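Remarks on the structure that follows.
Number of protein chains: 2
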Amino acid sequence: MSANTESLEIWAAARRDEIARVLDTRLAIPPEGDPGRLVEAMRYSLLAPGKRIRPLLGLAAAEAVGTVDDNVQVACAAVELVHCYSLVHDDLPAMDDDDFRRGRPSNHKVFGESVAILAGDALLTLAFEWIADAGLHSSRPEAYLRAAAALARGAGVLGMVRGQARDLCDPPPPTMAALETLHAEKTGALFRAALEVGGLAAGGSSDAVGSLTRFGAAYGIAFQHADDRDDAEHEAHAAEARARLETLVAQAAEAAAPFGVRGERLADIARALLR
Amino acid sequence: MSANTESLEIWAAARRDEIARVLDTRLAIPPEGDPGRLVEAMRYSLLAPGKRIRPLLGLAAAEAVGTVDDNVQVACAAVELVHCYSLVHDDLPAMDDDDFRRGRPSNHKVFGESVAILAGDALLTLAFEWIADAGLHSSRPEAYLRAAAALARGAGVLGMVRGQARDLCDPPPPTMAALETLHAEKTGALFRAALEVGGLAAGGSSDAVGSLTRFGAAYGIAFQHADDRDDAEHEAHAAEARARLETLVAQAAEAAAPFGVRGERLADIARALLR
Numbered sequence: 000m001s002a003n004t005e006s007l008e009i010w011a012a013a014r015r016d017e018i019a020r021v022l023d024t025r026l027a028i029p030p031e032g033d034p035g036r037l038v039e040a041m042r043y044s045l046l047a048p049g050k051r052i053r054p055l056l057g058l059a060a061a062e063a064v065g066t067v068d069d070n071v072q073v074a075c076a077a078v079e080l081v082h083c084y085s086l087v088h089d090d091l092p093a094m095d096d097d098d099f100r101r102g103r104p105s106n107h108k109v110f111g112e113s114v115a116i117l118a119g120d121a122l123l124t125l126a127f128e129w130i131a132d133a134g135l136h137s138s139r140p141e142a143y144l145r146a147a148a149a150l151a152r153g154a155g156v157l158g159m160v161r162g163q164a165r166d167l168c169d170p171p172p173p174t175m176a177a178l179e180t181l182h183a184e185k186t187g188a189l190f191r192a193a194l195e196v197g198g199l200a201a202g203g204s205s206d207a208v209g210s211l212t213r214f215g216a217a218y219g220i221a222f223q224h225a226d227d228r229d230d231a232e233h234e235a236h237a238a239e240a241r242a243r244l245e246t247l248v249a250q251a252a253e254a255a256a257p258f259g260v261r262g263e264r265l266a267d268i269a270r271a272l273l274r
Numbered sequence: 000m001s002a003n004t005e006s007l008e009i010w011a012a013a014r015r016d017e018i019a020r021v022l023d024t025r026l027a028i029p030p031e032g033d034p035g036r037l038v039e040a041m042r043y044s045l046l047a048p049g050k051r052i053r054p055l056l057g058l059a060a061a062e063a064v065g066t067v068d069d070n071v072q073v074a075c076a077a078v079e080l081v082h083c084y085s086l087v088h089d090d091l092p093a094m095d096d097d098d099f100r101r102g103r104p105s106n107h108k109v110f111g112e113s114v115a116i117l118a119g120d121a122l123l124t125l126a127f128e129w130i131a132d133a134g135l136h137s138s139r140p141e142a143y144l145r146a147a148a149a150l151a152r153g154a155g156v157l158g159m160v161r162g163q164a165r166d167l168c169d170p171p172p173p174t175m176a177a178l179e180t181l182h183a184e185k186t187g188a189l190f191r192a193a194l195e196v197g198g199l200a201a202g203g204s205s206d207a208v209g210s211l212t213r214f215g216a217a218y219g220i221a222f223q224h225a226d227d228r229d230d231a232e233h234e235a236h237a238a239e240a241r242a243r244l245e246t247l248v249a250q251a252a253e254a255a256a257p258f259g260v261r262g263e264r265l266a267d268i269a270r271a272l273l274r
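Protein chains in written order, with numbering that gives the first Met the number 0: chain W, 0 to 274; chain G, 0 to 274.
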């Protein structure tokens, strides 16, 4: 294990604990009751052990351009709410129909389909409430408004949801370019938004956020190539995907270069995809 | 027909046309394609003829405190996106399982369940993108951030979605007070948010927005009592509900009183519930 790997893992574990604490304390069961076990259902999926890669990337982006305070943490945690909602809705019978998620019964298997739909809706809505609230507590509300716009764009009709619609309804992508279009929408758009949210919340300049956006765009597609590595379905493209993964990781590292030593965490996170 | 009624109807018809134009032009089929007919599905439900009561209330709130510009219009139209998403998800087989909505096949009957779920998700997400974009084009980004927070709170886990979870999972409310709690969550919270969004976007002071919030809270419950009037299910409470409707309309009109002549539109809208 290189010094860099060790340091990344120690950093990530500490940040993961912070994010888990934000999620746990900010989404408590309402003392006045929890009709339909709605909040319990939200917490069931949100607090399941996870890598929290999106908030970690947001925090690394924030560290590259400024400092992380409570408001930045909340904004980065909001990206995890969006990711979590997308998993809950993806697992529904009408979608991927998955009975298990990370080894536990999926949300609708435990709480029923209707509550799982509502829990996803509420998680998505809560993401924007958290970003807005964080911005109203911050000294730069306009930057948080920009972060909310970036998150909505990444998650929405031209981003993640478009990718899900394409994946569900279109034939499998016939070329690497078509596959990467799907990856960019379905996975990349939210990663990119995570970088923008972190960078904007921490006060990054427009140039800095531009670099973070480029990092996120490259990282998002690279992440999906790395994720697909052991997936038989994608064997046809395996050699090509490996080459693209290396190219994209190099592009991501390059996008982090303008931040100098403060961008090394981001570059490390990208390079970790090669292992 | 009184002069007031006529004037309200003329005003509402003109505002409805403006809102329809905003919805139609801002949610166009992407020129680069529409995988899964996602945007077509969103437009199918969004552009169906409707009363547009929530954006109308937002606009009336804006007129009570300031002037309506393009950004205010977009923010008020965003509330309709949230209302529309809630209808699309409510009609799903796992929820109310309604095959028809306003006399037309419901979204999932035309586009399939998976696309209907995604169309709802994308409509909700788009609401926050519109509010954020409008705020970034405005001279008061902080007020739009506050509007985004209000919309998320009204739509979310302690507002509309909580009401839907309660309605789906709890036994029917046994008392008028319990019924009104359900109304306040399921219907009232989004009405209230519509008022807040319009008032905040148009630059209303904190006092003014407080009055608008009180108007919205009373109006929302009154609206549901009026809506239930002909519903056999609620006959047990009919006389009590009629009395409450009158009380709540009076409370709403009173909340609009501080705006003087500029608040008369709001009071007219509330009194229209009595007809």
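Ideal Cβ positions, reconstructed from N, Cα and C, are used throughout, including at glycine. Given the structure is predicted, the values throughout are model-derived calculations rather than measurements.
- With fewer than 16 other Cβ atoms from the protein chains shown falling within 10 Å of its own Cβ, THR174 (chain G) counts as exposed.
- DSSP places GLY49 (chain G) in no alpha helix (DSSP H); its state is neither H nor E.
- One Cα belongs to GLY259 (chain G), the other to ALA183 (chain G), and the distance between them is close to 26 Å.
- Checking the DSSP bridge columns, you'll see PRO104 (chain G) partnered with G:PHE99.
- Non-local beta-carbon contacts of LEU247 (chain W) in its own chain, meaning distances under 6 Å to residues more than five positions away in sequence, involve ALA217, ILE220 and ALA221 in chain order.
- In this structure the stretch 194-202 of chain W touches the stretch 57-74 of chain W; the number of beta carbon pairs closer than 8 Å is three or more.
- The distance from the Cβ of GLU39 (chain G) to that of GLY155 (chain W) is about 16 Å, inconsistent with a contact at the 8 Å cut-off.
- The C-alpha of PRO257 (chain W) lies about 21 Å from the C-alpha of ALA146 (chain W).
- Fully enclosed alpha helix (DSSP H) runs of no fewer than 4 residues occupy 106-110 and 112-136 of the stretch 70-143 of chain W, in order along the chain.
- The continuous alpha helix (DSSP H) containing ASP206 (chain W) extends over residues 205-227.
- Distance between LEU91 (chain W) and ARG161 (chain G), taken at the CA atoms: about 20 Å.
- Shown here, GLY155 (chain W) sits in coil according to DSSP, grouped into three states, outside any helix or strand.
- The beta-carbon of HIS88 (chain W) is placed less than 8 Å from the nearest beta-carbon of chain G.
- No Cβ-Cβ contact shorter than 8 Å links HIS107 (chain W) with LEU189 (chain W).
- For the stretch 28-45 of chain W, the residues whose beta carbon sits under 8 Å from a beta carbon of chain G are, in order, PRO29, PRO34, GLY35, ARG36, LEU37, VAL38 and MET41.
- A distance below 7 Å between beta-carbons, with the five flanking residues on each side excluded, links LEU58 (chain G) to the following residues of its chain, in chain order: ARG14, VAL67, CYS75 and GLY197.
- Take the alpha-carbon of LEU272 (chain G) and the one of ILE52 (chain G): they are about 12 Å apart.
- The Cβ-Cβ distance between GLY119 (chain G) and VAL87 (chain G) falls below 8 Å.
- Under the three-pair Cβ rule at 8 Å, the stretch 91-105 of chain W does not count as touching the stretch 121-138 of chain W.
- Within the stretch 117-145 of chain W, contact with chain G at the beta-carbon level (separation under 7 Å) is assigned to LEU117, ASP120, ALA121, LEU123, THR124, LEU125, PHE127, GLU128, ALA131, ASP132, GLY134, LEU135, PRO140, GLU141, TYR143, LEU144 and ARG145.
- In the assembly as shown, ILE130 (chain G) is a buried residue. Its beta-carbon has 16 or more other beta-carbons within 10 Å.
- Interface flag for CYS168 (chain W) against chain G is set, since a Cβ pair is found closer than 8 Å.
- Straight-line measurement puts the Cα of ALA19 (chain G) at about 13 Å from the Cα of ALA27 (chain G).
- Interface criterion not met: the Cβ of ARG53 (chain G) is under 8 Å from no Cβ in chain W.
- Within the stretch 95-114 of chain W, the residues whose Cβ lies closer than 7 Å to any Cβ of chain G are, in chain order, GLU112, SER113 and VAL114.
- Within 7 Å of the CB of ALA93 (chain G), the CB atoms of chain W belong to GLU112, SER113 and ILE116, in sequence order along the chain.
- Following the DSSP letters along the chain, one finds GLY197 (chain W) inside the alpha helix (DSSP H) bounded by residues 188-200.
- Distance from ALA193 (chain W) to VAL78 (chain W) at the Cβ level is roughly 5 Å; contact confirmed, criterion being Cβ atoms closer than 8 Å.
- The beta carbons of PHE214 (chain G) and ALA254 (chain G) sit closer together than 8 Å.
- The alpha-carbon of LEU55 (chain G) is positioned some 10 Å away from that of ALA12 (chain G).
- Looking from the CA of GLY35 (chain G), the closest CA among W:LEU37, W:LEU211, W:LEU167 and W:ILE268 belongs to W:LEU167.
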